[in-house]
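These notes are about the structure you will find just below.
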Amino acid sequence: MVNYFWQVNFDQLLINQDKEISDKTNLVTYYPLSVSDSYYPKVGGLPKANLTMQLVFTKSQIQQFMHEGYIRLDEAFPQELATEARAILWQATSCNPDDATTWTQPVIRLGDFSQAPFRNAVNTPKLHAAFDQLVGKEAWIPRMSLGSFPVRFPTQENPGDTGWHVDASFPGVDLSDYLSWRINVFSRGRALLMLFLFSDVGEKDAPTRIKVGSHLEVARLLEPAGQAGLSFMELAQKLPSINGGKEVLATGPAGTVYLCHPFLVHAAQPHHGTNPRFLAQPPLIPAKDFVLQHPDGNYSPVENAIRLGLGLE
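In C-alpha cells form, the structure reads like this:
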C-alpha cells in the first residue's frame, strides 16, 4: 500500500480568497510518499543517492540561511533543461511565445509536471547535496515532478495575488477547506520552500519578493499554537506585525534555485519586463518530523533556524 501526501496550490488560493472555488480538484496534488531505489532507473535515469555527504555550501552560507532564511544556488540545474521545460510550459499556456497579443492574462497558473526535464531539474547531484546540507541526509523525500508554475506575463494590470504570505503545509480538519490548511512551529509537511527559475529573471520580470529574516519572527508567531499550528489565513493576518526588514528579489538566470526556509515570508509582484517569467515553487517534503529538542544537540540548519527564532540558540 502506497501512502500519499498532499500539496495545495496556495498561490492560486491567494486570488480566490473571496470567491467560491468550484473546481477544487485542481488545487490539490497527490504524491506517493516514498520511491524505492529500484524505481529510479525508470524515471529519467536519476542518480542513486551518494552515501558520502557532498558539501555545496560553506559554513558562512549555512549561517546566512539560518539568519536570513534563504540561499541562492547558481547553476542548480542545466539551462538546457530549462529550455526544454519552457517548451512544454508554453504549450500548456495555450499562448504563442512569438505573439505577445496572445498574452492576455497577467498570470496563468499551471499545475505539476513530471516530464523528464522537470524530473531531472529537481534531481541534480548539486541539489541533492544541498538538500542534505540544509535538511539532513535521508531527511527529505526525492521529488518526481515540479509545480506549481505561476507563469507571469508583462502587464499593467494588478494580478491580484501580491500579498505577503507563508506557504501552508498540512490540512486542517476539512481537506477541502483549503484556506484552513495549516503551518506549525515544527514545519510539519514542508522541509523547504523552493523557487526554481526556468527563465532568466531580472528586477522587472516579476521576481518573487523575499522578506529577509522574516522566518525567525514567524517561528515566534507559531510557537504558541503548538502542534495544531495556525491556518494559512490566521497566520497571514498576523504577518503585518512583523517588523519591516530588508527585501530582496529572487532574480537570476535560468537554472538558478532559491532554497528558502519554510517560514520565509514572500510575495509575488506584477511583471513590468519584456519576456514572460517561468518559475516553479514546489515544496521539499520532509521524510520525518523536525525536532526542536534533540538529546544529542544535533540539528539541521532548518531546525537551527527555528530554534534561533525561538531564542533556543
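Quick note, in the working numbering, the sequence shown goes up one by one and the last residue is 298.
Every residue, glycine too, gets a C-beta built ideally from N, C-alpha and C.
Since the structure is predicted, the reported quantities are computational estimates derived from the model, not experimental observations.
Inter-residue spacing [alpha-carbon to alpha-carbon] between residue i and residue j
i: L74; j: L95; result: 8 Å
i: C245; j: P225; result: 20 Å
i: G48; j: Q64; result: Checking the sequence shown, residue 48 turns out to be Gln, not Gly. Each residue's Cα considered, the two are about 28 Å apart.
i: G187; j: H150; result: 22 Å
i: P192; j: K223; result: 24 Å
i: P261; j: S99; result: 22 Å
i: T259; j: N169; result: 39 Å
i: F217; j: Y163; result: 8 Å
i: Y55; j: L249; result: 8 Å
i: L160; j: G174; result: 14 Å
Where residue i falls, given that 16 or more other Cβ within 10 Å makes a residue buried
i: G237; result: buried
i: S172; result: buried
i: F103; result: buried
i: H113; result: buried
i: V120; result: buried
i: K196; result: buried
i: P144; result: buried
i: P127; result: buried
i: D84; result: exposed
i: P32; result: Model confidence at P32 stands at a pLDDT of 44, short of 50, so the residue's coordinates are unreliable and nothing is read from them.
i: T78; result: buried
For residue i, the three-state DSSP class (helix, strand or coil)
i: K44; result: helix
i: K122; result: coil
i: P26; result: Model confidence at P26 stands at a pLDDT of 32, short of 50, so the residue's coordinates are unreliable; what they give is reported in the following sentence. DSSP places P26 in helix when its eight states are reduced to three.
i: A265; result: strand
i: Y284; result: coil
i: R137; result: strand
i: K111; result: helix
i: H257; result: coil
i: L297; result: coil
i: R205; result: helix
i: E65; result: helix
i: F248; result: coil
i: N1; result: With a pLDDT of 38 at N1, under the threshold of 50, the modelled position of this residue cannot be trusted, and the question is left open.
Closest by C-alpha distance to residue i, when choosing among the options
i: G296; options: L201, L220, A235 and I47; result: L201
i: A252; options: L119, P135 and A272; result: P135
i: T89; options: T43, E142, Q46 and N108; result: E142
i: R194; options: Y243, D162, Q76 and V233; result: V233
i: G214; options: F138, A153, N283 and N289; result: A153
i: E53; options: Y243, P280 and P267; result: Y243
i: P303; options: T109, L177, S130 and E123; result: No answer is possible for residue 303: it lies beyond the span of the chain, which begins at -14 and ends at 298.
i: V287; options: E60, D83, F116 and W166; result: F116
i: E123; options: G230, L269 and V41; result: L269
i: V276; options: N289, I93, T109 and F42; result: N289
i: Q39; options: E69, K111, F50 and Q212; result: K111
Expected contact under 8 Å - CB spacing of residue i and residue j to nearest Å
i: A101; j: F62; result: The Cβ separation is near 12 Å, so there is no contact.
i: L182; j: G132; result: Their Cβ separation, rounded to whole angstroms, is 15 Å, which puts L182 and G132 out of contact at 8 Å.
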